[in-house]
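Under the UniProt record's numbering, the first residue of the sequence shown is numbered 1, with each subsequent residue one higher. We put the beta carbon where it would ideally sit given N, CA and C, even for glycine. Treat the numbers as computed from the prediction; the structure is a model and nothing was measured.
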Amino acid sequence: MRFLAQTIKISTTVLLLGVMVAVSGCSTWFSSGFKDPRIQLTKVDVIKARLLEQEFMLTFRIENPNDHSLPIRGLVYDVHLNDIQLAAGESSGWMTVPAHGTELYEVPVRTNLWRHMKYVVRLLEKPDRPIQYRLQGEVKTGLMRGRRVHIATNGEIIPGDFIPE
């Protein structure tokens, strides 16, 4: 009985020390020394374009300015073209961005633009005229209780650049 009590006491101490070491390694995620990663939408590829469903691949560049690697647990996104919502959703892909490094994060997107077809056709009638886009969302970082880094990007695309001749 005495041996069992000592074993439990030693196991508890080892477990407590392990938790303290693990938490101290993540302390920079919760301190003021953590710098938010820079996230940019760099590419939009059309995978399939059917009448009722369109598939795209959004590619994001994630730059980690920190001295330690940064685990990425997913991305919540909302993409608009002018005033219409192109896509919204959540990706749960995992990756790690090395310290002071850059990685590309690809997100497959499915959408249905059928209800906006007249509006999209009107936009494409003038292929030299820019279309505004807006990306909002957040990247989930860390392992268990990481941060959520908010992203908001505005820009424009020119449809004629994507239409083959």
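Determine the DSSP secondary structure at residue i, reduced to helix, strand or coil.
i	result
Arg147	coil
His100	coil
Ala49	strand
Asp78	strand
Leu37	For the record, residue 37 in the displayed sequence is Pro; it is not Leu. Pro37 falls in the coil class under three-state DSSP.
Lys140	strand
Cys26	In this prediction, Cys26 has a pLDDT of 46, which is less than 50 and means its spatial position is unreliable; what the coordinates show is noted afterwards. Note: Cys26 maps to coil in three-state DSSP.
Arg122	helix
Arg110	strand
Closest to residue i by C-alpha separation, out of the options, would be which residue?
i	options	result
Arg134	Asn154, Lys118, Glu125 and Met144	Asn154
Gln136	Gln85, Gly160 and Pro127	Gln85
Glu90	Asn66, Thr96 and Arg110	Arg110
residue 171	Met144, Gly33 and Gln54	For residue 171 there is no data in the structure shown, the boundaries of the chain being 1 and 165.
Arg129	Arg61, Ser69, Arg145 and Ile157	Ile157
Ala88	Thr96, Val79, Ala152 and Trp94	Val79
Ser92	Asn82, Val76 and Asp83	Val76
Pro120	Pro71, Arg50 and Leu81	Residue identity check: residue 120 is Val in the sequence provided, not Pro. Taking only the C-alpha atoms, the option nearest Val120 is Leu81.
Ser69	Ile151, Glu138 and Gly142	Gly142
His100	Pro71, Arg148 and Arg147	Pro71
Met95	Lys118, Arg73, Arg50 and Val139	Arg73
According to DSSP, which residues form a beta bridge with residue i?
i	result
Asn66	Asn66 pairs with nothing; no bridge assigned.
Lys43	Thr59
Met95	Ile72
Leu135	Val79 and Thr153
Gly89	Tyr77
Spatial neighbours of residue i within its chain, please: C-beta separation below 7 Å, excluding the five flanking residues on both sides.
i	result
Thr59	Thr42, Lys43, Leu104 and Glu106
Asp45	Phe56 and Met57
Leu124	Pro159
Enumerate in chain order the residues of its own chain whose CB-to-CB distance from residue i is below 6 Å, with the five nearest sequence positions on each side excluded.
i	result
Pro65	Lys35
Ile62	Pro37, Ile39, Val97, Glu103 and Tyr105
Gln132	Asn82 and Glu156
Lys140	Arg73, Gly74 and Arg148
Please go through the same chain and pick out, in chain order, the residues whose beta-carbon is closer than 8 Å to the beta-carbon of residue i, but skip the five residues on each side of it.
i	result
Leu52	Asn112 and Trp114
Lys48	Gln54 and Glu55
Pro127	Ile158, Pro159, Gly160 and Ile163
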